[in-house]
Amino acid sequence: MSTIVETTLEEHEQDIVRVIARRYGDGGIYLPRTHDQRDALRRAIDGGFVSHEGFLTRAGRRLVAQWER
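By my numbering, the letter at position 10 of the sequence shown is numbered 413, and the numbering carries on one by one without gaps.
Printed below as a string of structure tokens:
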């Protein structure tokens, strides 16, 4: 069961990283209107990886750095 939870958590983080990797130099997260990852963006905001204003937070930068290794 632990493996299933770890896999789900890993997939959850990967979804968030895909969304927050769409940041620009100003730190803003920009998604096209038709983008299908709005749920992942909501989770990123709820998790503190993206601010409510749509900017990458320190936690978000750490998460991206962790996955880019």
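Ideal placement from N, C-alpha and C gives every residue a C-beta, glycine not left out.
### Query
Is it right to say Phe-452 is buried, meaning 16 or more other beta carbons lie within 10 angstroms of its own, or is it exposed?
To locate residue 452, count along the sequence shown from 1; it is residue 49. By the neighbour-count rule (16 or more Cβ atoms within 10 Å), Phe-452 is buried.
### Message
Using DSSP's beta-bridge definition, name the partner residues of Phe-458.
### Response
On the sequence shown, position 55 is the one that residue 458 refers to. For Phe-458, DSSP records a beta bridge to Gly-431.
### Message
According to DSSP, Val-453 sits in a beta bridge with which residue or residues?
### Response
One-based indexing of the sequence shown puts residue 453 at position 50. BP columns for Val-453 point to Leu-459.
### Query
Where does Arg-464 sit, in a helix, a strand or coil, going by DSSP?
Sequence index remark: in the sequence shown, residue 464 carries index 61 (1-based). If DSSP states are grouped into helix, strand and coil, Arg-464 belongs with the helices.
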